[in-house]
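Peer 1:
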Amino acid sequence: MASYPRAEISPPSGSLFPHKHLLGIWGMDPTSIKHLLDVAEKYVDQNRQAKKTTSTCAGLTQINLFFENSTRTLMSFEIAGKRLGMDTISMSTGTSSIKKGETLLDTAATLNAMHPDVLVMRHADSGAVKLLSEKMDCAVINAGDGRSEHPTQALLDALTIRRRKGQIHGQTIVISGDIAHSRVARSNIYLLNAMGARVRLIAPPTLLPVDVDRLGVEVYHRMDEGLEGADVVMMLRLQQERMNGAFLPSLREYYRFWGLTKEKLSVAKDDVLVMHPGPMNRGVEIASDVADDLDRSAIEEQVEMGVAARMACLDVLTRGLRGDE
0 MASYPRAEIS
10 PPSGSLFPHK
20 HLLGIWGMDP
30 TSIKHLLDVA
40 EKYVDQNRQA
50 KKTTSTCAGL
60 TQINLFFENS
70 TRTLMSFEIA
80 GKRLGMDTIS
90 MSTGTSSIKK
100 GETLLDTAAT
110 LNAMHPDVLV
120 MRHADSGAVK
130 LLSEKMDCAV
140 INAGDGRSEH
150 PTQALLDALT
160 IRRRKGQIHG
170 QTIVISGDIA
180 HSRVARSNIY
190 LLNAMGARVR
200 LIAPPTLLPV
210 DVDRLGVEVY
220 HRMDEGLEGA
230 DVVMMLRLQQ
240 ERMNGAFLPS
250 LREYYRFWGL
260 TKEKLSVAKD
270 DVLVMHPGPM
280 NRGVEIASDV
290 ADDLDRSAIE
300 EQVEMGVAAR
310 MACLDVLTRG
320 LRGDE
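Numbering that gives the first Met the number 0 puts the sequence shown at residues 0 to 324.
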């Protein structure tokens, strides 16, 4: 593959985030996670002002390359880049040369020749983003790959919890639903463990990952047992598009046993926070009166935190180019 001369993007010496890319939460130290959350906090305040844009990253180019359909993640990255002053371009595979048979590595070479400064990528295959990052000169951000990781979703979830609860350490946090197919669950488990939370999983045995015993979590199959005393409940979407075979008796039975209702939630703490990464299947994994409960639900706030968290990632990963610390 051709190599093109360009500015070095190595993190500044002594940086609190000593990584060139953001490919996953796995292996990231608590200091790096906290630094991203602290930077994101600043952007929450900025995004609530009338003037939301800055020139922090003016002149830099961000390409969003999504091989899977996405609404909120793609829009969130677009808005984040624009608010930092970046030139932002989004590509979907439906209109790219991938449809004409171009390989992923050839696509990487083509994009590399255009000298982007950040590439944001979503792909259906686990490991595809890491492979592409090894062929690109610029910083690469994983916007979700297969069942592997979705690091910016975990960061925005952590930001939401920290703002609502004051801290992540010591919180009892339940992740419930289709954990086996969820990259969101995996990134959240890594992050919450790293930050000192107590993590519980609730799911039928067929919807748990095969390596669940190595994830450092408590596993429950009954909602009443897993939800007792919980501070935070994260519900996950049932990803039927990733299921090959019979994982469930029926959607009706799934909702009966594992759908989050007010009755089931009554055993959690009175101030329990309800979260969902979206899009929601109402009446499948969560009841509408729980999702829309303004006293408990942080679902809309998660969307807001997503822009701030992604601005922080773009900002921190390009500091080497800008000569900032």
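Virtual Cβ for every residue (Gly too), placed ideally from N, Cα, C.
Predicted, not measured: the structure shown is a model, and the values here were computed from it.
#1: Could you tell me which whole alpha helix (DSSP H) segments of length 4 or greater appear in the stretch 218–264?
#2: List the residues that DSSP assigns as beta-bridge partners of E148.
#3: Evaluate Q166 with the Cβ neighbour count: other Cβ atoms within 10 Å of its Cβ, from every protein chain shown; 16 or more gives buried, anything less gives exposed.
#4: Enumerated in chain order, which unbroken segments of the beta strand (DSSP E) with a length of 3 residues or greater are wholly contained in the stretch 268–306?
#5: Taking the Cβ atom as the reference point for each residue, do Q238 and H275 lie within a distance shorter than 8 Å?
#6: Please classify R309: is it buried, with 16 or more other beta-carbons within 10 angstroms of its beta-carbon, or exposed?
#7: What is the DSSP secondary structure of L352, reduced to helix, strand or coil?
#8: To the nearest angstrom, how far is the alpha carbon of C312 from that of S147?
#9: On a CA-only basis, which of E252, T30 and T55 is nearest E42? Give me that one, please.
#10: Judging by CA-CA distance, which residue of D28, V38 and K134 is the nearest neighbour of V315?
#11: Just reading off the alpha helix (DSSP H) that D44 is part of, what are its end residues?
#12: Give the straight-line distance between the Cα atoms of A112 and L320, rounded to the nearest whole angstrom.
#13: Note down the Cα distance separating P115 from R185, rounded to an integer number of angstroms.
#14: Compare the C-alpha of I174 against each of L226, V139 and K164 and name the closest.
#15: Cutting at 6 Å between CB atoms, please list the residues of its own chain near H20, excluding the five before and the five after it.
#16: Comparing C-alpha positions only, which one of G58, S69 and Q152 sits nearest to L22?
#17: Taking Cβ to Cβ, would you say T70 is nearer than 8 Å to Q301?
#18: Which ranges would you report for the alpha helix (DSSP H) in the stretch 182–212 if only whole runs of at least 4 residues count?
#19: Given this structure, state the Cα-to-Cα distance separating G84 from A196, to the nearest angstrom.
#20: Would S75 be called buried (16 or more neighbouring beta carbons within 10 Å of its own) or exposed?
#21: Residue range of the alpha helix (DSSP H) that S75 falls in?
#22: Among all the DSSP beta bridges, which residues are the ones paired with Q61?
#23: Would you call the stretch 263–278 and the stretch 198–212 in contact, with 3 or more CB pairs under 8 Å?
#24: Identify every residue that forms a DSSP beta bridge with S175.
#25: Taking DSSP as the reference, what is the three-state secondary structure of V139?
Peer 2: Well, looking at it:
#1: 222–225, 250–257 and 261–264
#2: D144
#3: Q166 comes out exposed.
#4: The DSSP assignment places complete beta strand (DSSP E) segments of no fewer than 3 residues inside the stretch 268–306 at 272–274, in order along the chain.
#5: Not in contact: Q238 and H275 (Cβ atoms no closer than 8 Å).
#6: buried
#7: Residue 352 lies beyond the residue range present for the chain, which begins at 0 and ends at 324; the question has no answer from this structure.
#8: 19 Å
#9: What sits at residue 42 in the sequence shown is Tyr, not Glu. Of the candidates E252, T30 and T55, the one whose C-alpha sits nearest the C-alpha of Y42 is T55.
#10: Closest by alpha carbon: V38.
#11: P29 to N46
#12: 18 Å
#13: 29 Å
#14: L226
#15: Answer for H20: S132, A138 and V139, listed in chain order.
#16: Q152
#17: No, Cβ-Cβ distance for T70 and Q301 is not below 8 Å.
#18: 182–193
#19: 35 Å
#20: Residue environment for S75: buried (at least 16 other C-beta atoms within 10 angstroms of its C-beta).
#21: R71 to R82
#22: T87 and V117
#23: no
#24: I201 and M234
#25: strand
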